[in-house]
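Report on the following structure.
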Ligand code: GDP
Ligand code: MN
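Residue numbers (the working numbering): 1 to 388.
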C-alpha cells in the first residue's frame, strides 16, 4: 500500500523530530482556517496524490494569504494532477497538505528500500536532493551512496554517520543527520515499509534539518500486525485493487487496455508478458487462483469489467484443478447483468475445455476463441486497437 504524504508524515511521529508543522484538508472551505492555524505569513500547499513529481506539475505552491490559499484549494481539489510519473489521465486530488514554509539552504536526498537481489535493506543517500534526483541518479550515479544493511541487526550507527558524511554534512549537521537516519531506519523496520523516501531533506537557513517530503510504501503482507495501517487502508469502493483484495483476489491495475482474466500467478505473468512482447498493453494482472470457484471468478470478472479503459478482454485459462466449465459458467453469470461492450477472446485448455466452449458458444454472445496463447493474444491486441 502506498501511503499519502500526510499519512507517511504521521507514521514517522515518534521516530524523528524534524517534520515541519502541517495539517490536511479535504474541502476548499477548510483552506483559510488551515492557513491561519499555521500562524505564519505564508504556507506551502501540496496536492496529496500517490505519485511523485508534484512540484514540477503545479501540485506544490507557496501562498501568501488565506484568500490565496482558498483560491488554490478550489482549483486543485477535485482536479486531476498529471505529473511525469502518472498516466496521461493523472490522479484526482482529494486532499491538500498545508505546511509552514521552511527556508531551504540545501536539498538532500535519503531513502530506505529493499534490495531484492542482495536480500537486504538499502540506505540511499545523496547530497543533491530535490525534484531532479531521478535525472541525477541516471547521469551521475557516483553521487548516490547505496549502503546495504541487515534488517534483523538494524542499521548501525557508523553507517548512518557514513551516509551523512557522504551527503556533505559536517559538525552539528552530521550528528543531527546520523540520528535522523537511525530514527528513519527504525520506522522503516517497525512499520514494515518497503520504501521510505525523504526528498527533499532540507538544510534550513535556521541551521537545522527538516523533512519536507515523505514517500512511504507499506508491505501489504503485514496488515495483520498493523492496525494503524488497516485503519488507513483504502476502502473497497475507492480502488479496484482494494475491492479485489476484499474477495481474496490478486488484482494489480496496469496502464494498458487489454483486461486479463487468468488462473494461476505464473500464467497471469506469462500472459502479461506475451501481450507486451506482441506489442499490446495489459490493463491488469489478475489471478483468480489455482482452484477458482464460480463465485470467485464471478467477482474477479465483474471487477475486471469495471475498468473504463478496457478495449478487449483476454481470458487465458489452463484447466487443472480449476475446471474450464466453472469459468465459463461464471463468465455467463456476469454477462447476464453486464452487457459485453468490448471484444472478448478466450483461450481455454485442459479440464472440461470442450464443455466450456459449448456453453459459451450456446449463449450466442460474440466470443472469439483460440486454442493457442499467442494467437489469442494477437486477436486481443488487434481488437483493442480497433477504435469505435
Ligand atoms: P514532489 O515534487 O512530488 O516530490 O513534491 P515535494 O513535496 O518534494 O515538493 C517539491 C519541491 O517544492 C521541493 O523539492 C522543494 O524545492 C519545494 N518545497 C516543498 N516544501 C517547501 C518549503 O517548505 N519551502 C520551500 N522553500 N520549498 C519547498
Ligand atoms: Mn519530493
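Glycine is no exception: its CB is placed at the ideal position from the N, C-alpha and C atoms.
Everything numeric in this text was worked out from a predicted model, so none of it was measured.
Mapping DSSP to helix, strand and coil, what is residue i?
| i | result |
| --- | --- |
| residue 175 | helix |
| residue 117 | coil |
| residue 372 | coil |
| residue 151 | coil |
| residue 349 | strand |
| residue 128 | coil |
| residue 7 | helix |
| residue 269 | helix |
| residue 302 | helix |
| residue 185 | helix |
| residue 388 | Low confidence applies to residue 388: its pLDDT is 49, below 50, so where it sits in the model is not reliable enough to give any reading. |
| residue 378 | helix |
| residue 337 | helix |
| residue 362 | helix |
| residue 221 | helix |
| residue 213 | coil |
| residue 258 | strand |
| residue 288 | coil |
| residue 251 | strand |
| residue 20 | coil |
| residue 294 | helix |
| residue 200 | strand |
| residue 277 | helix |
| residue 309 | coil |
| residue 323 | coil |
| residue 40 | coil |
| residue 51 | coil |
| residue 343 | coil |
| residue 156 | coil |
| residue 136 | helix |
| residue 35 | helix |
| residue 444 | The first residue shown for the chain is 1 and the last is 388, placing residue 444 beyond what the model contains. |
| residue 318 | strand |
| residue 122 | strand |
If you check the beta carbons only, do residue i and residue j fall under 8 Å apart?
| i | j | result |
| --- | --- | --- |
| residue 345 | residue 379 | yes |
| residue 99 | residue 57 | no |
| residue 356 | residue 312 | no |
| residue 189 | residue 96 | no |
| residue 217 | residue 2 | yes |
| residue 242 | residue 263 | no |
| residue 102 | residue 20 | yes |
| residue 200 | residue 209 | no |
| residue 289 | residue 318 | no |
| residue 181 | residue 202 | no |
| residue 314 | residue 260 | yes |
| residue 372 | residue 214 | no |
| residue 66 | residue 36 | yes |
| residue 347 | residue 376 | yes |
| residue 11 | residue 222 | no |
Thinking C-alpha only, which one of the options is nearest residue i?
| i | options | result |
| --- | --- | --- |
| residue 174 | 232, 259, 73 and 158 | 158 |
| residue 382 | 257, 334 and 265 | 257 |
| residue 86 | 178, 49, 276 and 362 | 49 |
| residue 77 | 68, 88, 64 and 92 | 92 |
| residue 185 | 192, 155 and 370 | 155 |
| residue 9 | 384, 191 and 261 | 191 |
| residue 374 | 60, 194, 133 and 270 | 270 |
| residue 299 | 28, 361 and 287 | 287 |
| residue 80 | 348, 54, 5 and 67 | 54 |
| residue 127 | 170, 5 and 144 | 144 |
| residue 51 | 22, 385 and 90 | 90 |
| residue 207 | 367, 171 and 6 | 171 |
| residue 112 | 196, 377 and 135 | 196 |
| residue 361 | 376, 384, 385 and 331 | 331 |
| residue 63 | 82, 40 and 220 | 40 |
| residue 238 | 303, 220 and 198 | 303 |
| residue 301 | 320, 16, 279 and 326 | 326 |
Is there a Cβ of chain C sitting closer than 8 Å to that of residue i, yes or no?
| i | result |
| --- | --- |
| residue 209 | The structure shown has no chain C; it contains just one protein chain. |
Any chance the CB of residue i is under 7 Å from a heavy atom of ligand 4?
| i | result |
| --- | --- |
| residue 79 | Absent from the structure shown: ligand 4. Ligands present: ligand 1 and ligand 2. |
query = Contact between the stretch 142–161 and the stretch 121–128: three or more CB pairs below 8 Å?
reply = yes
message = Please give the ranges of any alpha helix (DSSP H) in the stretch 224–248, keeping only runs that are unbroken, at least 4 residues long and fully inside the region.
response = 227–232 and 240–246
query = Is the stretch 273–280 close to the stretch 331–338, with three or more CB pairs under 8 Å?
reply = These segments do not touch.
request  = Just list the beta strand (DSSP E) runs in the stretch 61–110, keeping only unbroken ones of 3 residues or longer that don't cross its boundaries, in chain order.
outcome  = 96–100
task = Evaluate the contact criterion for the stretch 242–260 versus the stretch 23–38: three or more CB pairs, one atom per stretch, below 8 Å.
result = no
message = Does the contact criterion of 3 or more C-beta pairs under 8 Å hold for the stretch 102–110 versus the stretch 65–73?
response = no
task = Check whether the stretch 282–291 touches the stretch 221–232, counting contact only when three or more Cβ pairs, one atom from each stretch, lie closer than 8 Å.
result = no
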